[in-house]
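Okay, so here's the structure we're looking at.
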Amino acid sequence: ASVDAVIAIDVFEHLKDVDVQTWLDECWRILVPGGLLVMRLPAWTNPVSYRDPTHHRVFHEESFSYWDPDHDLYELFGRYYFLESDRWWKVRRAFREFEDLRFDLEKRA
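This note's numbering puts the first residue of the sequence shown at 2, with every later residue one more than the last.
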């Protein structure tokens with residue numbers, strides 16, 4: 002781990018051959034404990050999410066809560082979906098900014 006922050010602005014929705022868990026794992030690997038993953042993505046209600054043929058994924062405000070042990074979605078689904086993972090996040094902020102979603106995820110040690 003060697004970096005304090007990873008900033009991904011309009012990136013994640015374009016990833017085709019890398020699944021969500023693989024990408025999050027790589028960010029987790031390179032971040033120092035407590036490091037931040039800052040993302041901006043088109044909101045699921047944004048027509049661009051569907052219209053842009055280069056977009057391969059759509060996201061909701063709670064999409065990354067599956068990786069946060071303090072969130073109900075982790076308890077209900079995340080801990081089962083990602084049973085073999087030991088790389089968890091703290092969702093610091095998840096909010097809508099115009100037609101986009103902003104996420105600040107903190108690497109849990």
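Glycine included, every Cβ here is placed at the ideal spot set by N, Cα and C.
Beta carbon of residue i nearer than 8 angstroms to that of residue j
i: ARG30; j: ALA2; result: yes
i: ASP73; j: VAL92; result: no
i: HIS15; j: HIS56; result: yes
i: VAL7; j: VAL33; result: no
i: LEU37; j: ASP87; result: no
i: GLN22; j: PHE83; result: yes
Where residue i falls: helix, strand or coil (DSSP)
i: ARG109; result: coil
i: VAL19; result: coil
i: PRO43; result: strand
i: PHE83; result: coil
i: TRP90; result: strand
i: GLU100; result: coil
Separation of residue j from residue i, as counted between CA atoms
i: GLU107; j: ARG52; result: 31 angstroms
i: ARG58; j: PHE13; result: 8 angstroms
i: PRO43; j: GLU27; result: 22 angstroms
i: GLU76; j: TYR67; result: 8 angstroms
i: ASP20; j: GLU100; result: 24 angstroms
Strand pairing of residue i, partner residues [DSSP]
i: VAL49; result: BP columns for VAL49 are empty, so no partner.
i: LEU25; result: None; LEU25 has no bridge partner.
i: VAL59; result: Answer by DSSP bridge pairing: none, since VAL59 is not bridged.
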